[in-house]
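Residue numbers (the numbering used here): 289 to 429.
Structure record follows, encoded as structure tokens.
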């Protein structure tokens with residue numbers, strides 16, 4: 289098993305329990321592990337979560353995206369992880385966060401939608417990715 293620097297979340301995805309972790313202190317790459325054996329604590333590295341998207345926050349959600357119907361959730365990519373990412377530059381370096389999507393295929397972070405969900409109210413109309421993410425954060429309930 290590759291070493292991880294910081295374990296972020298445990299999340300149920302399908303019938304598996306997954307651990308999402310950072311690979312090092314820069315927090316630029318996410319690692320996903322499947323908990324194979326709870327008693328022995330054996331973790332198996334995963335390179336794909338298939339047609340699922342994981343939403344990380346105070347609470348975590350796994351969303352299943354049907355490969356046959358790409359019209360259902362067009363603003364959410366399969367095999368991705370959506371959560372807050374600390375911005376690494378700009379006037380609020382180290383203090384500002386943005387809702388970003390991490391693609392497990394490419395290892396690249398991109399904005400998950402328009403607007404700043406962290407610092408200000410969302411612009412209307414809201415994207416589905418924003419609505420799902422608000423289920424993970426108590427302050428939006």
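A virtual CB, placed ideally from N, CA and C, is assigned to each residue, including glycine.
For a cut-off of 8 Å, the C-beta gap from residue 342 to residue 299 is around 6 Å, short enough to register as a contact. Note on geometry: alpha-carbon atoms of residue 366 and residue 420 lie some 14 Å from one another. For residue 327, no pairing in a beta bridge is given by DSSP.
Per the C-alpha coordinates, the member of 302, 297 and 345 positioned closest to residue 426 is 345.
Just measuring C-alpha positions, the residue of 338, 322 and 402 sitting nearest residue 387 is 402. Per DSSP, residue 398 is one residue of the beta strand (DSSP E) stretching across 396–399.
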